[in-house]
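Asker: Can you read through this structure? Questions will come right after.
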Amino acid sequence: MKFLLTSGGINNKSIHDALVDMLGKPIADSNALCIPTAMYGHPWVGPGVKTWEFISGKEENPMVNLGWKSVGVLELTALPSIDKDRWVPLVQETDVLLVSGGDALYLYHWMQQSGLADLLPSLQAVYVGMSAGSMVMAPKIGEIFVGWTPPNGEDKTLGLVDFAMFPHLDHEMLPDNTMATAERWAAEMQGPAYAIDDETAIKVIDGAVEVVSEGHWKLFSP
Numbered sequence: 001m002k003f004l005l006t007s008g009g010i011n012n013k014s015i016h017d018a019l020v021d022m023l024g025k026p027i028a029d030s031n032a033l034c035i036p037t038a039m040y041g042h043p044w045v046g047p048g049v050k051t052w053e054f055i056s057g058k059e060e061n062p063m064v065n066l067g068w069k070s071v072g073v074l075e076l077t078a079l080p081s082i083d084k085d086r087w088v089p090l091v092q093e094t095d096v097l098l099v100s101g102g103d104a105l106y107l108y109h110w111m112q113q114s115g116l117a118d119l120l121p122s123l124q125a126v127y128v129g130m131s132a133g134s135m136v137m138a139p140k141i142g143e144i145f146v147g148w149t150p151p152n153g154e155d156k157t158l159g160l161v162d163f164a165m166f167p168h169l170d171h172e173m174l175p176d177n178t179m180a181t182a183e184r185w186a187a188e189m190q191g192p193a194y195a196i197d198d199e200t201a202i203k204v205i206d207g208a209v210e211v212v213s214e215g216h217w218k219l220f221s222p
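Residue numbers (UniProt numbering): 1 to 222.
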């Protein structure tokens, strides 16, 4: 699977071009599934209006509204209650997964409960994450990002990439998301850690990592 891990969606031409390159065909010829599940775990973004805005492509962060050939919804909390043959072929055939922000540990929990976590490594699709949708790919997220508390009480996530992410660096609506805060967060990580702003994404193909940015970012190495 190919990963395009963003902080704020497909916010500029560089990230957009990286996405098209990873798809290997135009967006207009690509089928997408959007995953809003992370939003339900975060009090700022769901449930309610903002979840609908993400699914309908009416939010400010471009992901669903890029002009896809088709867009479907994959709600992870529903999957354990239906047969796998109802949804696994759908995921296997899609070109791209669009995974919203919200709460990374809530998303991780439902990726595990639904069975999607086990399926992800075998997929040929491009995985596009935004904020929590990106952070969930890391080995862990760090204590400062723990909101919804999982049953095991840990900040562990999928570990499909070998680095952690601090999103929304220096965002005007998040005054605590400074480089100094990111540096303190990174000191607690046990591996490479990136702080990225909303004009930055991290592209991962076959383990090779490339930063795509029209903004600012920093790699903290252990």
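Yeah, the Cβ is synthetic: ideal placement off N, Cα and C, and Gly gets one too.
Would you mind sorting residue 186 into buried or exposed? The rule is 16 or more other CB atoms within 10 Å of its CB.
Answerer: Sequence index remark: in the sequence shown, residue 186 carries index 186 (1-based). By the neighbour-count definition (other C-beta atoms within 10 Å, threshold 16), residue 186 is a buried residue.
Asker: Applying the 10 Å Cβ sphere with the 16-neighbour rule, what's the burial state of residue 22?
Answerer: Against the sequence shown, residue 22 aligns to sequence position 22. When all chains shown are included, residue 22 counts as buried.
Asker: Pick out whichever of 87, 84 and 102 has its Cα sitting closest to the Cα of residue 44.
Answerer: Mapped onto the sequence shown, residue 44 falls at position 44. Of 87, 84 and 102, the residue nearest in Cα terms is 102.
Asker: How would you write the range of the beta strand (DSSP E) that residue 214 sits in, first residue to last?
Answerer: The sequence position of residue 214 within the sequence shown is 214, counting from 1. Careful: residue 214 lies outside any beta strand (DSSP E) and carries neither H nor E.
Asker: Looking at the strands, I want to know which residues DSSP matches up with residue 70.
Answerer: As a first step, residue 70 must be located in the sequence shown, where it is residue number 70. BP columns for residue 70 point to 31.
Asker: Report yes if the C-beta of residue 129 is less than 7 angstroms from at least one heavy atom of the ligand ADP; otherwise report no.
Answerer: Among the components of this structure there are no ligands whatsoever, and the ligand ADP is therefore not found.
Asker: Using 8 angstroms as the cut-off, can you tell me whether the segment 2-14 makes contact with the segment 71-84, which would need three or more C-beta pairs spanning the two stretches below that distance?
Answerer: As far as the Cβ criterion goes, the segment 2-14 does not touch the segment 71-84, which means the pair count is below three.
Asker: Do residue 3 and residue 161 have their beta-carbon atoms positioned less than 8 angstroms apart in this structure?
Answerer: Taking the sequence shown and counting its residues from 1, one reaches residue 161 at position 161. Taking the sequence shown and counting its residues from 1, one reaches residue 3 at position 3. In this structure, residue 161 sits near residue 3, with a CB-CB distance shorter than 8 angstroms.
Asker: How many Å lie between residue 153 and residue 109 at the Cα?
Answerer: Taking the first residue of the sequence shown as position 1, residue 153 is located at position 153. Taking the first residue of the sequence shown as position 1, residue 109 is located at position 109. Approximately 11 angstroms between the Cα atoms of the pair.
Asker: Can you tell me whether residue 163 is helix, strand or coil according to DSSP?
Answerer: One-based indexing of the sequence shown puts residue 163 at position 163. Note: residue 163 maps to coil in three-state DSSP.
Asker: Are the CB atoms of residue 63 and residue 107 within a distance shorter than 8 angstroms?
Answerer: Sequence index remark: in the sequence shown, residue 107 carries index 107 (1-based). Sequence index remark: in the sequence shown, residue 63 carries index 63 (1-based). No, they are not a contact pair.
Asker: Measure the C-alpha to C-alpha separation of residue 174 and residue 168 and round it to an integer number of angstroms.
Answerer: Reading the sequence shown from its first residue, position 174 is the one you call residue 174. Reading the sequence shown from its first residue, position 168 is the one you call residue 168. Their Cα atoms are separated by approximately 8 angstroms.
Asker: Buried or exposed: which applies to residue 42, given that a residue is buried once 16 or more other Cβ atoms fall within 10 Å of its Cβ?
Answerer: Here residue 42 refers to the residue found at position 42 of the sequence shown. Burial state of residue 42 is buried, judged by a 10 Å Cβ sphere holding 16 or more other Cβ atoms.
Asker: What distance in whole Å lies between the Cβ atoms of residue 100 and residue 137, which are believed to be in contact at a cut-off of 8 angstroms?
Answerer: To locate residue 137, count along the sequence shown from 1; it is residue 137. To locate residue 100, count along the sequence shown from 1; it is residue 100. In fact, because the Cβ distance is near 14 angstroms, the residues do not count as touching under 8 angstroms.
Asker: Could you spell out where the beta strand (DSSP E) holding residue 178 opens and where it closes?
Answerer: Locating residue 178 in the sequence shown gives position 178, counting from the first residue. Premise fails: residue 178 is in no beta strand (DSSP E) and is neither H nor E.
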